[in-house]
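Numbering-wise (the working numbering), the sequence shown opens with residue 30 and increments by one.
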Amino acid sequence: MKSTARVLPQTPPLENFVPPEMPIKEVSPRKLRGAAIVAAVIVTIIVITGLVMRKSDDKQLRDWTDDQAIPTVAILKPGKRGNVATLDLPGRLEPFSSASLYARVSGYLKSWKVDIGKPVKVGQLLAEIETPDLDQQLLQGKADLASAEATAALAEITAKRWKLLVDSKYVSKQAADEKIADFMTKQALAQSARANVDRLKTLKNFARIVAPFDGIVTARGTDIGALINGGSGSGVGISPGTGTGSGAGSTGGMGQELFQISNTKRLRVYVNVPQTYVPSIRPNTQAKITVPERPGQSYVAAVASSAQAVDMASGSTLMQILVDNAEGELLPGAFANVSFELPHDVVVLSVPASALMFDKAGLRVATVGADNKVVLKTVTILRDLGKIIELGSGLAPDDHIIESPPDGIATGDAVRIAQPAKKPDGAANTRGNGKGAY
Numbered sequence: 030m031k032s033t034a035r036v037l038p039q040t041p042p043l044e045n046f047v048p049p050e051m052p053i054k055e056v057s058p059r060k061l062r063g064a065a066i067v068a069a070v071i072v073t074i075i076v077i078t079g080l081v082m083r084k085s086d087d088k089q090l091r092d093w094t095d096d097q098a099i100p101t102v103a104i105l106k107p108g109k110r111g112n113v114a115t116l117d118l119p120g121r122l123e124p125f126s127s128a129s130l131y132a133r134v135s136g137y138l139k140s141w142k143v144d145i146g147k148p149v150k151v152g153q154l155l156a157e158i159e160t161p162d163l164d165q166q167l168l169q170g171k172a173d174l175a176s177a178e179a180t181a182a183l184a185e186i187t188a189k190r191w192k193l194l195v196d197s198k199y200v201s202k203q204a205a206d207e208k209i210a211d212f213m214t215k216q217a218l219a220q221s222a223r224a225n226v227d228r229l230k231t232l233k234n235f236a237r238i239v240a241p242f243d244g245i246v247t248a249r250g251t252d253i254g255a256l257i258n259g260g261s262g263s264g265v266g267i268s269p270g271t272g273t274g275s276g277a278g279s280t281g282g283m284g285q286e287l288f289q290i291s292n293t294k295r296l297r298v299y300v301n302v303p304q305t306y307v308p309s310i311r312p313n314t315q316a317k318i319t320v321p322e323r324p325g326q327s328y329v330a331a332v333a334s335s336a337q338a339v340d341m342a343s344g345s346t347l348m349q350i351l352v353d354n355a356e357g358e359l360l361p362g363a364f365a366n367v368s369f370e371l372p373h374d375v376v377v378l379s380v381p382a383s384a385l386m387f388d389k390a391g392l393r394v395a396t397v398g399a400d401n402k403v404v405l406k407t408v409t410i411l412r413d414l415g416k417i418i419e420l421g422s423g424l425a426p427d428d429h430i431i432e433s434p435p436d437g438i439a440t441g442d443a444v445r446i447a448q449p450a451k452k453p454d455g456a457a458n459t460r461g462n463g464k465g466a467y
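In structure tokens, the structure reads:
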């Protein structure tokens, strides 16, 4: 069979390889000069273009910097509060009448008849006290009275006999006068003993603790078997929130409070009115009272009296309001909000608290003129409502105020008015063109 293998030509070794000679074409000097000129022109154009672009960028940067230096602010108009100002003040509910009952005699509590929250009538028995010491004193007083009365009776008989002897000239008048004086002395001692017995009987009556008026037992500070010391001034008081005391009695002769009775059919509301509003709140001025535990419910009351003096510490006048509480919905001792509606002749302007600026020049508000330049106006506060401040003077109703002025802003500074964000169709826009009313 015939072979089909190809025989490759033999390649000479690389060390014997000689590259072919290439012809070198010479460039004329004229062409070289032309190329250099073209390259120089291109470089010049590139440099000039770079300088022009850099100058343009610098101008744009300066314009952007100047533009950013002008603050963007939101403006609004002062709110109008109307011809009636609402004054809300904190108050405290107190019972129309309240009495703390103490024992007038010492002893041990025998029993108590009513507990906290129970209504009582005037004269109703609340508790009884065992008085062993007083009982013995009363027995001794009665015995002393019997002895004094017997001595006085004998002295009276003796005086009468000596008077008869004087008439018969058997004794001197001086001796008879001495017997009569002795009788009068014994009679006075008997009256003293009788008064002492009456005093002890009266004290014995105080062993019965009775209600001084119609009301509710709001506190009980004793229990059966407790040592009771007569007198007032708490050695052991009533524990807050429990209505009861320790039951151990006080020491040092000081009596503890046994019961507290309160008349809650009518309540007194005490409120401190700032000096500015005192002339506007007179007796019979209507007030609306609300309490946190009954949201949405209010109680109409009237001012009953005023202290007619300004407290130097608080700068306010204490006023008393009477409110009917026949249903017992209001609780004595509770916090209450007292609202007055005070009519006035001028429309009060209000601004958000964030619009106020306080510096060495005083309290001011930043306004924006037609040329978008800032004008700082000095204002006075009529009433601080927290987030809203009512002003007494300094602003006009058509002023455009800066809602939150930036730090360091001054009269004459230029500002940019912020445009309000677009809202969906049908949504209210309260600041059209950045000039809403607060």
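Glycine is no exception: its CB is placed at the ideal position from the N, C-alpha and C atoms.
From the options, residue whose alpha carbon lies closest to that of residue i
i      : options                        : result
Ser309 : Ser127, Ser368, Gly250, Pro372 : Pro372
Trp191 : Gln203, Ala182, Thr180, Ala181 : Gln203
Ala443 : Ile99, Leu232, Leu411          : Ile99
Ala357 : Ala316, Arg295, Ala114, Leu385 : Per the sequence presented here, residue 357 reads as Gly, with Ala not at that position. Looking at the Cα atoms, Arg295 is the closest of the given residues.
Arg378 : Arg412, Pro324, Pro312, Gly284 : Per the sequence shown, residue 378 should be read as Leu rather than Arg. For the residues Arg412, Pro324, Pro312, Gly284, the minimum Cα distance to Leu378 belongs to Arg412.
Thr314 : Asp173, Leu385, Gln349, Ala338 : Gln349
Thr396 : Val367, Ala365, Lys416, Ser433 : Ser433
Gly325 : Asn366, Gly146, Tyr299         : Asn366
Leu116 : Ser383, Phe369, Arg445, Asp196 : Phe369
Ile438 : Asp173, Ala355, Val403         : Val403
Ala390 : Ile158, Thr440, Ala382, Ile71  : Thr440
Gly362 : Met341, Ser197, Ser126         : Ser126
Pro292 : Leu118, Ala114, Pro124         : For the sequence presented, residue 292 should be read as Asn rather than Pro. Looking at the Cα atoms, Pro124 is the closest of the given residues.
Thr180 : Lys147, Gln165, Gln216, Gly152 : Gln216
Tyr137 : Gln220, Ser201, Val151, Arg237 : Arg237
Val102 : Leu420, Thr409, Gly398         : Gly398
Val352 : Ile74, Ile77, Leu122           : Leu122
Residue i CB to nearest heavy atom of the ligand ADP below 7 Å
i      : result
Ser335 : Within the structure as shown, the ligand ADP is missing, as the structure has no ligands at all.
Cβ-based neighbour list, residue i, same chain, cut-off 8 Å, excluding 5 preceding and 5 following
i      : result
Val149 : Val143, Leu155, Ala240, Asp243, Gly244, Ile245, Val246, Ile290
Asp164 : Lys233
Gly120 : Val298, Tyr299, Val300, Ile318, Ile350, Phe364, Ala365, Asn366, Val367
Counterpart residues of residue i in DSSP-defined beta bridges
i      : result
Gln289 : Ser129, Ala248
Ile158 : Leu138
Val403 : Val397
Phe364 : Arg121
Ser327 : Looking at the DSSP assignment, Ser327 forms no beta bridge with any residue, so it has no partner.
Glu370 : Thr115
Ile431 : Ile104
Phe242 : Note: Phe242 sits in no beta bridge, so no partner.
Ser309 : For Ser309, which the question treats as bridged, DSSP gives no partner whatsoever.
Lys109 : Leu378
Residue span of the beta strand (DSSP E) that contains residue i, given as start and end
i      : result
Leu420 : 417–422
Glu185 : First-last for Glu185: 161–196, but that is the alpha helix (DSSP H), not the beta strand (DSSP E).
Ser140 : 136–141
Asp353 : 345–353
Thr319 : 315–319
Pro381 : 378–381
Met386 : 385–388
Thr409 : 409–413
Whole-angstrom distance between residue j and residue i, CA atom to CA atom
i      : j      : result
Val380 : Ile418 : 5 Å
Met386 : Thr407 : 9 Å
Arg228 : Ala333 : 42 Å
Val134 : Leu232 : 7 Å
Val329 : Pro312 : 14 Å
Tyr284 : Leu414 : A quick correction: the sequence has Gly, not Tyr, at residue 284. Taking the straight line joining both Cα atoms gives about 47 Å.
Asn401 : Met82  : 33 Å
Leu360 : Pro303 : 26 Å
Ser468 : Asp252 : This structure does not reach residue 468, given that the chain is present from 30 up to 467, and the question cannot be answered.
Ala447 : Ala384 : 16 Å
Ile318 : Tyr306 : 18 Å
Gly250 : Asn258 : 13 Å
Gly270 : Tyr131 : Annotation note: pLDDT 37 at Gly270 (below 50); position unreliable, coordinate value reported separately. Cα to Cα, the separation comes out at about 20 Å.
Ala331 : Lys109 : 28 Å
Gly79  : Arg445 : 34 Å
Gly146 : Phe288 : 11 Å
Ile71  : Ala64  : 11 Å
Ser221 : Gln166 : 15 Å
Close-in-space but distant-in-sequence residues of the same chain around residue i (CB under 6 Å, 5 per side omitted)
i      : result
Trp141 : Ala156
Val226 : Gly170, Lys171, Leu174
Phe235 : Arg133, Val134
Ala188 : Lys208, Ile209, Phe212
Pro435 : Pro100
Val195 : Lys202, Ala205
Leu405 : Arg393, Ala395, Thr440
is_contact[residue i, chain D] using C-beta, thresh 8 Å
i      : result
Gly362 : Any reference to chain D falls outside this structure, which holds one protein chain only.
Beta-carbon proximity list for residue i, same chain, < 7 Å, skipping 5 on both sides
i      : result
Ala355 : Lys294
Pro107 : Leu378, Ser379, Val380, Leu424, Pro426, Asp428, Ile430, Tyr467
Gly254 : Tyr137, Leu138
Ile77  : none
Opening and closing residue of the alpha helix (DSSP H) in which residue i lies
i      : result
Thr231 : 202–234
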